[in-house]
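**Student:**
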Amino acid sequence: MKKTGNSKKSKTRISERAKRILTVCLAAAVIILIVLTAAQKLGNMTISTFTSDVKTYFMSLGSGDGYPYSIDSDRVKSISVNKSNLILLLDDKTTALTSSAKEIMPNSHTYSNPVMKSKGSRMIVFDLDSGKFRVQRGSDIVFDGTLDKKIMAAAIGAKGNYAVATYGKDAQSVLKVYSKSGKEKFTWNFSSERVTDIDLSPNGKFAAVTAIKSDNGEISSKLYVFNLGKEGEYVSCFDYAGTTLLRVNYIK
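Quick note on the working numbering: the sequence shown kicks off at -10 and runs consecutively.
As structure tokens, then:
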């Protein structure tokens, strides 16, 4: 009988412990839900961005071997900064280095001529030799696609929208801007100009585009500003004769 009594007490203790664990888990779930709901109302976070940030946090735990960090310079195509991390585009992958040189968030690619544009933890990686591109947030690939024409320039916005310029069929260049969900929101055809660079405004509502053309052997450039909510027109256009504009940054 004593054995039976001990067994009952043991079962009771296990049951109480399970209840406590369940209570803690439920409380944690409620807290996370409240944080997500509040963040969504403020427009600063979604479930996907939350999980991506959590994943990045846990990947960054621990230390690397410190700097200097050794890597073959021929492999490095581009470097950008996101807070305390370095974001690297290599010839075969994208990756990030923490402040202690720990490598996190590696993502391989097969692009022959890769280019990366980034805003914070968001980036768009594309291949100049094809129509292939992908949109990333941290270690997550948000979108992976292939266009019919070769890509000449692209950009990612802080809000998650992105822009891609390709060679056109009946135009020299074609600019397309997409929402963060991949829906096409804006299109512009450049009849005689080749797009060299794109940048999106911090609020995601405008785009700045540089383009070049040649008239009678003389190079000239234009800087366009587009309101992405108004199809078929630009806000302003600036001409630069005898000048080649290769980069543009949209500043508030």
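Cβ coordinates follow ideal geometry from the N, Cα and C atoms, glycine included.
1) Beta-carbon within less than 7 Å of THR233's beta-carbon, same chain only, minus the 5 sequence neighbours each way: which residues are those?
2) Can you tell me which residues form a DSSP beta bridge with MET112?
3) Under the rule that 16 or more other beta-carbon atoms within 10 Å means buried, what is TYR56, buried or exposed?
4) Under a Cβ-count criterion, where at least 16 other Cβ atoms within 10 Å of its own Cβ denotes burial, should GLU182 be classed as buried or exposed?
5) Looking at ASN178: is its Cβ nearer than 7 Å to the Cβ of VAL163?
6) Note down, in chain order, each residue of its chain lying with its Cβ closer than 7 Å to the Cβ of SER180, except the 5 sequence neighbours on either side.
7) Restricting to Cα atoms, I'd like to know which of LEU79, LEU212 and GLN125 is closest to SER62.
8) Where VAL70 and SER59 are concerned, what is the direct C-alpha to C-alpha distance, given to the nearest angstrom?
9) Sorted by chain position, which residues of the same chain lie with C-beta nearer than 6 Å to ASP188's C-beta, five sequence neighbours on each side aside?
10) Could you check which residue in GLN125, PHE115 and ALA147 has the C-alpha nearest to that of LYS139?
11) Under a three-way DSSP split, which group does SER101 fall into?
12) Output needed for SER88: all residues of its chain with C-beta closer than 6 Å, excluding positions within five of it in sequence on either side, in chain order.
13) Mark PHE175 as exposed unless 16 or more other C-beta atoms lie within 10 angstroms of its C-beta, in which case mark it buried.
14) Determine whether the beta carbon atoms of ALA147 and PRO103 lie at a separation below 7 Å.
15) Leaving out five residues before and five after GLY171 in sequence, what residues of the same chain have Cβ atoms less than 6 Å from its Cβ?
16) I need the straight-line Cα distance from LYS243 to PRO95, nearest angstrom please.
17) Sort THR199, ILE76 and SER67 by Cα distance to ASP228 and report the nearest one.
18) For ALA142 and LEU235, I'd like the C-alpha separation in whole angstroms.
19) Would ASN150 and SER168 qualify as a contact pair, given that the criterion is a beta-carbon distance under 7 Å?
20) Taking the alpha carbon of SER225 as the reference point, which residue from THR155, PHE195 and ASP204 has its own alpha carbon closest?
21) For the candidate residues SER97, VAL153 and LEU77, whose alpha-carbon lies nearest to that of ASP186?
22) Return the chain-ordered list of same chain residues with a C-beta closer than 6 Å to the C-beta of MET105, the five sequence neighbours on each side being excluded.
23) Tell me the rounded alpha-carbon separation between GLY231 and GLU220.
24) Can you give the Cα-Cα distance for LYS241 and GLY193, rounded to whole angstroms?
**Tutor:** Once the coordinates are examined:
1) ILE201, ILE208 and SER210
2) SER107 and GLN125
3) exposed
4) Buried.
5) It is a contact, given that the beta carbons lie within the stated cut-off.
6) ALA160 and GLN161
7) LEU79
8) If you take the alpha carbons of VAL70 and SER59, they lie about 18 Å apart.
9) ALA144, ALA197, VAL237, ASN238 and TYR239
10) PHE115
11) coil
12) Only SER73 meet the Cβ criterion.
13) buried
14) At a Cβ-Cβ threshold of 7 Å, ALA147 and PRO103 do not count as neighbours.
15) Once the five neighbours on either side are set aside, the close Cβ partners of GLY171 are PHE132.
16) Only positions -10 to 241 of the chain appear in the structure, and residue 243 is not among them; the question remains open.
17) In terms of Cα proximity to ASP228, the closest of THR199, ILE76 and SER67 is THR199.
18) Approximately 10 Å between the Cα atoms of the pair.
19) Yes; because the gap between Cβ atoms is below 7 Å, this pair is in contact.
20) Checked all of THR155, PHE195 and ASP204; the closest Cα to SER225 is PHE195.
21) Of the candidates SER97, VAL153 and LEU77, the one whose C-alpha sits nearest the C-alpha of ASP186 is VAL153.
22) Answer for MET105: SER67, LEU78, MET112 and VAL114, listed in chain order.
23) 30 Å
24) 11 Å
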